[in-house]
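Inspection log for the structure reproduced underneath, given as structure tokens.
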Amino acid sequence: MWTRASFALLLLMACDPPNTEGLIDDVACPSDSRCPDASGAFRVGAARRVITPVVESWDDEDGDGVRDPGEAFDDVDGDGRWDPVWIAGFDPGRAATGVHDDTWARALSISRGETRLGIVVLDLLGVSHDDVVDLRMAAQARGLDVDHVAVVATHTHESQDPLGFGGAHLIASGYDRAYNERVIAQALDALAEAIDAEREATMTFARTAAPHLVADSRLPEVIDATITALRFDSAEGPIATVVIWGNHAEALGGENTLVSSDYPHYLRRELEAAYPGAVAFYMPGALGGLMNPMDIAGCPDEAGRETCATGTFEKAEYVGAGAATIAIEALESAPTTVVEPALAFRANPFLLRVTTPEILGAVQLGVIPRRLFRTDGTRVTLDEEPTAPALPWDEVLLGDVRIQTEVNVWTIGPLRFLALPGELYPELWLQHPDGTSLAESRPGADYPFLAPPPSFQSLLPEDGTTSVLINQANDAVGYIVPRSQWDRLPPHTYGDDPQYGEGVSLGSHVAGALREAVREMR
0 MWTRASFALL LLMACDPPNT EGLIDDVACP SDSRCPDASG AFRVGAARRV
50 ITPVVESWDD EDGDGVRDPG EAFDDVDGDG RWDPVWIAGF DPGRAATGVH
100 DDTWARALSI SRGETRLGIV VLDLLGVSHD DVVDLRMAAQ ARGLDVDHVA
150 VVATHTHESQ DPLGFGGAHL IASGYDRAYN ERVIAQALDA LAEAIDAERE
200 ATMTFARTAA PHLVADSRLP EVIDATITAL RFDSAEGPIA TVVIWGNHAE
250 ALGGENTLVS SDYPHYLRRE LEAAYPGAVA FYMPGALGGL MNPMDIAGCP
300 DEAGRETCAT GTFEKAEYVG AGAATIAIEA LESAPTTVVE PALAFRANPF
350 LLRVTTPEIL GAVQLGVIPR RLFRTDGTRV TLDEEPTAPA LPWDEVLLGD
400 VRIQTEVNVW TIGPLRFLAL PGELYPELWL QHPDGTSLAE SRPGADYPFL
450 APPPSFQSLL PEDGTTSVLI NQANDAVGYI VPRSQWDRLP PHTYGDDPQY
500 GEGVSLGSHV AGALREAVRE MR
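Following numbering that gives the first Met the number 0, the numbering of the sequence shown begins with 0 at its first residue and continues without gaps.
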């Protein structure tokens with residue numbers, strides 16, 4: 000659960016560099032000249048690198064969770080000053096006091112013929128697209144042979160702030176350029192190793208569900224508890240496992256001060272124990288609404304009473320290990336194995352309007368460093384430093400504020416993955432038989448008489464493939480709220496108060512803009 004919005008990341012290696020304004024081109028493989036063929040052997044490689052931040056703990060003499068002047072600290076780097084690690088995901092001002100488990104950059108490389116897809120998964124809330132451009136240029140300079148790299152954030156709410164909004168207080172940025180540069184370097188190392196480690200492979204997948212491990216904290220209650228599990232195997236043994244599941248990585252709650260990947264740590268631990276030698280990956284499915292483990296009963300006894308509460312590592316283990324067990328059982332009992340699966344992918348970058356006052360204010364104040372564009376694609380500022388862009392307020396009020404973001408589609412065998420740059424409400428993914436979404440239209444909402452829009456699933460080709468949703472992919476534009484359920488102004492749909500979500504979205508138009516960008520890739 001966020002208190003302000005953030006932005007994650009897309010990497011497009013081996014493609015044309017950005018233009019002078021920083022805009023990137025679309026990608027279509029295997030049809031592009033740089034990836035004309037995808038008919039060779041199906042090959043997969045995987046690797047991982049640690050991205051755990053260095054934490055300087057302190058003697059919290061008054062026990063208030065805040066380092067006060069004069070309190071002794073562990074000067075790890077010997078620079079004579081306290082260097083806080085700000086944890087992002089709930090309220091600002093949460094300084095790390097230690098590390099519970101390592102956070103990771105995990106890389107998956109998949110190729111056929113002259114076409115290669117790289118997927119990097121980071122134990123972060125997200126990473127700005129601005130850092131993507133730097134990473135892409137570094138990858139090109141390094142000579143990595145990959146046509147497209149997408150980055151997915153696990154959306155853990157217990158790792159270092161990579162975006163800016165988790166600093167000491169509301170108007171203090173928590174963005175740490177040096178840490179982000181380290182994450183990029185480790186991601187590149189993992190990707191390079193994954194490419195080098197590629198072996199001929201088959202793909203096994205299964206679909207199941209874990210409804211008892213996820214709750215919806217916003218009305219109407221709509222939950223997609225689907226787990227999609229994949230395993231890539233070579234003749235020598237398993238290479239990688241992947242679990243895709245829509246549930247916020249926030250079982251540890253907003254009071255925890257130990258760096259952690261939250262429940263994905265335990266999910267991956269169980270997968271790697273079940274399949275020794277395979278690197279385990281977790282990617283989030285539909286997160287909006289919001290899908291969370293905080294409102295479920297943790298470790299219920301025979302009477303259904305909770306025995307491990309939100310905020311404990313026991314609950315994080317209950318959620319993560321429980322989801323992994325269900326995924327493993329599905330892979331072992333009812334899998335589908337594909338030999339030489341097809342490989343194709345597309346990426347469609349576009350400019351997305353920003354209208355939410357909270358987000359615009361944070362960017363204006365330099366809390367969230369983000370490159371901004373006008374409608375015509377020109378940059379608002381060319382200053383590369385994470386400082387306020389001094390955007391004229393008349394442009395803000397006129398709505399002439401854009402960010403660059405991305406939608407992706409990856410086809411791997413009979414699975415088609417729609418990778419969206421934020422947290423989609425599951426009612427926009429799930430659908431009725433006629434293809435309309437489950438979004439509702441009720442009195443009290445700001446747009447109460449809109450017809451239900453088409454589901455995002457219905458935008459994908461009907462060619463026998465199974466659709467799989469991935470969130471927090473290639474950017475993080477916050478919550479993707481059905482416009483018919485947008486509810487900032489009174490009267491409200493449910494009760495006297497608004498529900499949580501709109502303040503950490505870029506606007507009521509976002510779902511429609513993403514829908515159009517997906518249509519353009521058909």
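Just so it is clear, CB atoms sit at the ideal spot from N, CA and C, and this is done for glycine as well.
C-beta contact flag for Ala45 and Ala193 at 8 Å: Taking the sequence shown and counting its residues from 1, the one referred to as residue 45 is at position 46. Taking the sequence shown and counting its residues from 1, the one referred to as residue 193 is at position 194. Yes, they are a contact pair.
Hey, would you say Arg48 sits closer than 8 Å to Ala149, going by beta carbons? The residue given as residue 48 occupies position 49 in the sequence shown. The residue given as residue 149 occupies position 150 in the sequence shown. Cβ distance not < 8 Å, so Arg48 and Ala149 don't count as in contact.
In chain order, what residues of the same chain have a beta carbon less than 7 Å from the beta carbon of Leu381, not counting five sequence neighbours either side? Here residue 381 corresponds to residue number 382 of the sequence shown, with the count starting at 1. Note on Leu381: pLDDT 47, under 50, position unreliable in the model; the coordinate value appears next. There are no such residues.
Taking Cβ positions, are Pro451 and Ala472 nearer each other than 8 Å? Reading the sequence shown from its first residue, position 452 is the one you call residue 451. Reading the sequence shown from its first residue, position 473 is the one you call residue 472. No.
Which partner residues of Ser158 appear in the DSSP bridge assignment? Residue mapping note: residue 158 aligns to position 159 of the sequence shown, counting from 1. In DSSP, Ser158 forms a bridge with Ala87.
Quick one: what's Asn291 bridged to in DSSP? The residue you call residue 291 lines up with position 292 of the sequence shown. Answer by DSSP bridge pairing, in chain order: Ala214.
Residues bridged to Arg206 (per DSSP): Taking the sequence shown and counting its residues from 1, one reaches residue 206 at position 207. In the DSSP output, where bridge partners are listed per residue, Arg206 has Thr227.
What would DSSP say about Val65, mapped onto helix, strand or coil? Position 66 of the sequence shown holds residue 65. Three-state result, Val65: coil.
Look up Ser332 in the DSSP assignment and say whether it is helix, strand or coil. Translated into the one-based positions of the sequence shown, residue 332 becomes position 333. In this structure, Ser332 counts as helix in the three-state DSSP scheme.
Output needed for Arg518: all residues of its chain with C-beta closer than 7 Å, excluding positions within five of it in sequence on either side, in chain order. On the sequence shown, position 519 is the one that residue 518 refers to. Setting aside the 5 residues that flank it on each side, Arg518 is surrounded in the same chain by Leu458, each with a C-beta closer than 7 Å to its C-beta; the list follows chain order.
DSSP three-state label for Ile367, please. By 1-based counting over the sequence shown, the position of residue 367 is 368. In this structure, Ile367 counts as coil in the three-state DSSP scheme.
Can you look up Thr410 in the DSSP assignment and give me helix, strand or coil? Taking the first residue of the sequence shown as 1, we reach residue 410 at position 411. Strand at Thr410.
What are the uninterrupted segments assigned as beta strand (DSSP E) that are 3 or more residues long and contained completely in the region 241-302, given in chain order? With a minimum length of 3 residues, the continuous beta strand (DSSP E) runs that stay inside the region 241-302 are 278-283.
Taking C-beta to C-beta, are Asp100 and Ser259 nearer than 8 Å? Against the sequence shown, residue 100 aligns to sequence position 101. Against the sequence shown, residue 259 aligns to sequence position 260. Result yes, Cβ atoms of Asp100 and Ser259 sit closer than 8 Å.
Decide if Arg42 is buried, meaning its Cβ has at least 16 other Cβ atoms within 10 Å, or exposed. Start at 1 with the first residue of the sequence shown, and residue 42 comes out as number 43. Per the 10 Å Cβ criterion, buried.
Drop a sphere of 10 angstroms on the beta-carbon of Ile170, count the other beta-carbons inside from all chains shown, and report buried for 16 or more, exposed for fewer. In the sequence shown, counting from the first residue as 1, residue 170 sits at position 171. Flag for Ile170 reads exposed.
Extract the residue ranges of the beta strand (DSSP E) inside the region 99-152, only unbroken runs of 3 or more that lie entirely within it. The beta strand (DSSP E) runs lying completely inside the region 99-152 and spanning 3 residues or more are 103-111, 114-121 and 147-152, given in chain order.
Taking 7 Å as the limit between beta carbons, can you name the residues of its chain near Ala273, skipping five residues before and five after? Numbered from its first residue, the sequence shown carries residue 273 at position 274. These residues qualify, in order along the chain: Ile327.
Judging by CA-CA distance, which residue of Asp67, Trp81, Gly79 and Ser38 is the nearest neighbour of Thr114? Sequence index remark: in the sequence shown, residue 114 carries index 115 (1-based). Scanning Asp67, Trp81, Gly79 and Ser38 for the CA closest to the CA of Thr114 turns up Ser38.
Smallest Cα separation from Thr153: which of Asn246, Ala444 and Ser440? By one-based count along the sequence shown, residue 153 stands at place 154. It is Asn246.
Could you pull out every unbroken beta strand (DSSP E) segment of at least 3 residues lying fully inside the region 434-472, listed in chain order? Counting only runs of 3 or more, we get 465-469.
Proximity below 8 Å, CB of His156 to CB of Phe231: Here residue 156 refers to the residue found at position 157 of the sequence shown. Here residue 231 refers to the residue found at position 232 of the sequence shown. For the pair His156 and Phe231, the CB atoms are not nearer than the 8 Å cut-off.
So Pro425 and Gly511 are in contact, right, with Cβ under 8 Å, and what is the actual spacing, rounded? Within the sequence shown, numbered from 1, the residue matching residue 425 stands at position 426. Within the sequence shown, numbered from 1, the residue matching residue 511 stands at position 512. That belief does not hold up - the Cβ atoms of Pro425 and Gly511 are roughly 17 Å apart, past 8 Å.
Do you know whose CA, among Phe455, Asp495, Asp445 and Glu422, lies nearest Gly477's CA? Here residue 477 corresponds to residue number 478 of the sequence shown, with the count starting at 1. Comparing Cα positions, the closest option is Glu422.
Residues bridged to Val26 [DSSP beta-bridge criterion]: For this step, residue 26 is matched to residue 27 along the sequence shown. DSSP lists Ala346 as partners of Val26.
On the three-state DSSP scale, how would you describe Tyr478? Within the sequence shown, residue 478 is the residue found at index 479, counting from 1. Residue state, collapsed to three classes: strand.
Which residues in the same chain have their Cβ closer than 7 Å to the Cβ of Arg487, if we skip the five residues on either side of it in sequence? Mapped onto the sequence shown, residue 487 falls at position 488. Within the same chain, Cβ atoms closer than 7 Å to the Cβ of Arg487 are found at Asp445, Pro497 and Glu501, the five residues on either side in sequence being excluded.
Taking just the CA atoms, how far does Pro68 sit from Glu20? Taking the sequence shown and counting its residues from 1, one reaches residue 20 at position 21. Taking the sequence shown and counting its residues from 1, one reaches residue 68 at position 69. The alpha-carbon atoms of Glu20 and Pro68 are separated by roughly 43 Å.
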